[in-house]
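Student: Got a structure for you, written out below as structure tokens; questions coming shortly.
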Amino acid sequence: MLAVLRKFVLAESPSLEKFPADHCCGIVASEWSKRQARVERLPQMQRGDHLRITWTPQTTRTSGQLLVLGHYDTVYASGSLAKMPYRVSGGKVYGPGTFDMKAGLVQALFAFDALQQSKAPLCKRIVFLWTSDEEIGSDSSRRLIESEARRSDAVFVLEPSLGPRGLLKTSRKGVGEAEIIVHGRASHAGLAPEEGVNAVHELARQIMRIQEWNDPRRGISVNANIIEGGTRTNVIAERARAVVDLRALRIADMRRLEQRLRSLRPGVHGARLEVRGGFNRAPMERKVSATLFARAKSLAAQMGLRLGECVAGGGSDGNLTAALGIPTLDGLGAVGDGAHSTHEHVFVKTMPQRAALLAALLASS
Ligand SMILES: [Zn+2]
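See below:
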């Protein structure tokens, strides 16, 4: 498993760099080509190509499909290996994208081998879909993910688990980004202040209002994290803008937040408000994961492993499949720590365990 992981990690695959991403896609594809599965490379114009591997069991009559979902892109720019080389030390594997989520891709490969070798009597087609732009919002893969999910009875997402115990992610917050733009009127701050409409003042009011929508107990967070506006100190600000991070755990709360944003009205006379954006990934509510998680837990128990669950504050492609109502279990990938940081790593000894768990889930779904 480590030899394959090394190959995947050495092929750096930043979401924003097509050439290296495509190279990594080819490396992953070549591993699958050694197996008896159909490997399709789905060419993309701007992003790395997506990869779809389909395996149809021949022994039985198949009905239905299982989707295993992952991404091979990472948040690290080309050249990051120089600062954070691939290395194995103290039972951990370090390197860009090890934890999020190349070890997950390796586990899927070995889960597949286990299924083949054990001649498990599968009755569903299995599709492994590896995409290239999860870390930047899945614009180029979203439709593909959704159409495969619609054909599937269950989706298994190989995003990293949480913490040293490897908790699965049975619910995820929905994530959005909204922009509040205020249009005011410029005027000389000394000669004709009364003729101006101060966009910065208006924006400040709106920010005070939206921060009251935060409700940590319900899992709602609203944060204006970028603001800008005005031009010079002696000019009444004509324009101001805030970019707001939105998160909610429930679909109803997501809708309410979007509605509240649309119904903001200006307080300063003469100011005009424009609101753009909203949720990009809907919340993954626990009910879409509950049955699959119960099965995973019992399968893990048969292997002598204890499996826990958690709520994730960030979104993944699991949110997309869950939003369609397809049973989705996320966080089935690597166990480790440090996603998106220089100390990103995976616990080596958990890799075969998680591969076995995935194989068992696929064999029993
Ligand atoms: Zn990821």
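In this text, residue positions in the sequence shown follow our numbering: the first is 153, and each later residue adds one.
Built from N, CA and C at the ideal position, the CB exists for glycine as well.
No experiment lies behind these values; they were computed from the predicted model shown.
So the alpha helix (DSSP H) I362 belongs to, where does it begin and stop?
Tutor: Position 210 of the sequence shown, counting from 1, holds the residue named residue 362. Segment A351 to Q363, the alpha helix (DSSP H) holding I362.
Student: Please indicate yes or no: does the CB of A434 lie closer than 8 Å to some heavy atom of ligand 1?
Tutor: What you label residue 434 is simply residue 282 of the sequence shown in a count that begins at 1. Not under cutoff, so the answer is no.
Student: With a Cβ-Cβ cutoff of 9 Å, do L219 and I379 count as a contact?
Tutor: The residue given as residue 219 occupies position 67 in the sequence shown. The residue given as residue 379 occupies position 227 in the sequence shown. Not a contact, by the Cβ cut-off of 9 Å.
Student: For the beta strand (DSSP E) that G429 lies in, which residues bound it at each end?
Tutor: The count along the sequence shown starts at 1 and reaches residue 429 at position 277. Unbroken beta strand (DSSP E) run through G429: R424 to R433.
Student: What does the alpha-carbon distance come out to for the pair M360 and G222?
Tutor: For the purposes of this step, residue 360 is taken as the residue at position 208 of the sequence shown. For the purposes of this step, residue 222 is taken as the residue at position 70 of the sequence shown. If you take the alpha carbons of M360 and G222, they lie about 39 Å apart.
Student: Is G178 helix, strand or coil by DSSP?
Tutor: As a first step, residue 178 is located in the sequence shown; it is residue number 26 there, counting from the start. Of the three classes helix, strand and coil, the one that applies to G178 here is helix, per DSSP.
Student: What residues sit near ligand 1, counting only those whose C-beta is closer than 5 Å to one of its heavy atoms, in chain order?
Tutor: After applying the 5 Å Cβ criterion, the set is D252, M253 and E311.
Student: Could you give the C-beta distance for G256 and P312, rounded to a whole number, given that I count them as a contact under 8 Å?
Tutor: Your numbering for residue 256 matches position 104 in the sequence shown. Your numbering for residue 312 matches position 160 in the sequence shown. Correct: roughly 7 Å between the Cβ atoms.
Student: In angstroms, rounded to a whole number, what distance separates the CA positions of V463 and K321?
Tutor: Within the sequence shown, residue 463 is the residue found at index 311, counting from 1. Within the sequence shown, residue 321 is the residue found at index 169, counting from 1. Each residue's Cα considered, the two are about 6 Å apart.
Student: Quick one: give me the first and last residue of the alpha helix (DSSP H) that K262 is part of.
Tutor: The sequence position of residue 262 within the sequence shown is 110, counting from 1. First, the amino acid is wrong: residue 262 is Phe here, not Lys. A255 to S270 is the extent of the alpha helix (DSSP H) around F262.
Student: Is A507 helix, strand or coil when you go by DSSP?
Tutor: Numbered from 1 along the sequence shown, position 355 holds the residue referred to as residue 507. DSSP places A507 in helix when its eight states are reduced to three.
Student: At a cut of 8 Å, does the stretch 327-338 reach the stretch 347-366 through at least three beta carbon pairs?
Tutor: Judged by Cβ distances under 8 Å, the stretch 327-338 makes contact with the stretch 347-366, as three or more pairs qualify.
Student: Is it the case that the Cβ atoms of R506 and P435 are separated by a distance below 9 Å?
Tutor: For the purposes of this step, residue 506 is identified with residue 354 of the sequence shown, where counting begins at 1. For the purposes of this step, residue 435 is identified with residue 283 of the sequence shown, where counting begins at 1. No, the pair does not count as a contact, with Cβ atoms beyond the cut-off.
Student: Distance, Cα to Cα, Q358 vs S373?
Tutor: If you number the sequence shown from 1, residue 358 lands on position 206. If you number the sequence shown from 1, residue 373 lands on position 221. Between Q358 and S373, the C-alpha separation is close to 16 Å.
Student: Between which two residues does the beta strand (DSSP E) harbouring R407 extend?
Tutor: One-based indexing of the sequence shown puts residue 407 at position 255. Per DSSP, R407 belongs to no beta strand (DSSP E); it is in the alpha helix (DSSP H), I403 to R414.
Student: Whole angstroms is fine: what's the gap from A229's alpha carbon to T494's?
Tutor: To locate residue 229, count along the sequence shown from 1; it is residue 77. To locate residue 494, count along the sequence shown from 1; it is residue 342. When rounded, the distance between both Cα atoms is 12 Å.
Student: Are the stretch 342-359 and the stretch 388-399 in contact at 8 Å, needing three or more beta carbon pairs?
Tutor: Touching, per the Cβ criterion.
Student: Looking at C-alpha atoms only, which residue of G336, L484 and L162 is the closest neighbour of A235?
Tutor: Here residue 235 is taken as the residue at index 83 of the sequence shown, counted from 1. In the sequence as displayed, the identity of residue 235 is Lys instead of Ala. The shortest C-alpha separation from K235 is found at L162.
Student: DSSP beta-bridge partners for K321?
Tutor: Taking the first residue of the sequence shown as 1, we reach residue 321 at position 169. According to DSSP, which records beta bridges pairwise, K321 is partnered with C462 and D482.
Student: Excluding five sequence neighbours on each side, which residues of the same chain lie with their C-beta closer than 7 Å to the C-beta of A400?
Tutor: As a first step, residue 400 is located in the sequence shown; it is residue number 248 there, counting from the start. Excluding sequence neighbours, A400 sits near K325, G326, G371, I372, M406, L409 and P435.
Student: Alpha carbons only, please: which of S517, G422 and L168 is nearest the one belonging to E287?
Tutor: Along the sequence shown, one-based indexing puts residue 287 at 135. Looking at the Cα atoms, L168 is the closest of the given residues.
Student: Let me make sure I understand the geometry here. Which of M253, F308 and D397 has the alpha-carbon closest to that of Q217?
Tutor: Start at 1 with the first residue of the sequence shown, and residue 217 comes out as number 65. Looking at the Cα atoms, F308 is the closest of the given residues.
Student: I'd like the list of long-range same chain contacts for G429, defined as Cβ closer than 6 Å, with 5 residues on each side in sequence excluded.
Tutor: Along the sequence shown, one-based indexing puts residue 429 at 277. Counting only Cβ-Cβ distances below 6 Å, and skipping sequence neighbours, we find E329, A330 and E331.
Student: Please name the residue, chosen from L296, L194, R317 and Q198, that lies closest to E461 on a Cα-to-Cα basis.
Tutor: Numbered from its first residue, the sequence shown carries residue 461 at position 309. Of L296, L194, R317 and Q198, the residue nearest in Cα terms is R317.
Student: Put Q454 into one of helix, strand or coil per three-state DSSP.
Tutor: What you label residue 454 is simply residue 302 of the sequence shown in a count that begins at 1. Residue state, collapsed to three classes: helix.
Student: Quick check on DSSP: helix, strand or coil for T208?
Tutor: Within the sequence shown, residue 208 is the residue found at index 56, counting from 1. Three-state result, T208: coil.
Student: Under 6 Å Cβ to Cβ from P209, same chain only, skipping five residues before and after it: list those, please.
Tutor: For the purposes of this step, residue 209 is taken as residue 57 along the sequence shown, with counting starting at 1. The residues are L274.
Student: Could you tell me which residues DSSP pairs with K244 in its beta bridges?
Tutor: Locating residue 244 in the sequence shown gives position 92, where the first residue counts as 1. DSSP output for K244 lists S241 and F499 as bridge partner(s).
Student: Helix, strand or coil for T494 per DSSP?
Tutor: As a working mapping, residue 494 is identified with position 342 in the sequence shown. Three-state DSSP puts T494 in coil, outside helix and strand.
Student: Rounded to whole angstroms, what is the Cα-Cα separation between V498 and L154?
Tutor: The residue given as residue 498 occupies position 346 in the sequence shown. The residue given as residue 154 occupies position 2 in the sequence shown. Each residue's alpha carbon lies about 11 Å from the other.
Student: Using the Cα positions of N432 and A189, report the straight-line distance between them to the nearest angstrom.
Tutor: For this step, residue 432 is matched to residue 280 along the sequence shown. For this step, residue 189 is matched to residue 37 along the sequence shown. Roughly 33 Å separates the two Cα atoms.
Student: Let me check understanding here. Comparing Cα to Cα, which of M253, K254 and P237 lies closest to Y246?
Tutor: The count along the sequence shown starts at 1 and reaches residue 246 at position 94. Of the listed residues, the one whose Cα sits closest to Y246 is P237.
Student: Whole angstroms is fine: what's the gap from H202's alpha carbon to R384's?
Tutor: Locating residue 202 in the sequence shown gives position 50, counting from the first residue. Locating residue 384 in the sequence shown gives position 232, counting from the first residue. Cα to Cα, H202 sits roughly 48 Å from R384.
Student: How many angstroms separate the CA atom of R447 from the CA atom of G483?
Tutor: Reading the sequence shown from its first residue, position 295 is the one you call residue 447. Reading the sequence shown from its first residue, position 331 is the one you call residue 483. Roughly 15 Å separates the two Cα atoms.
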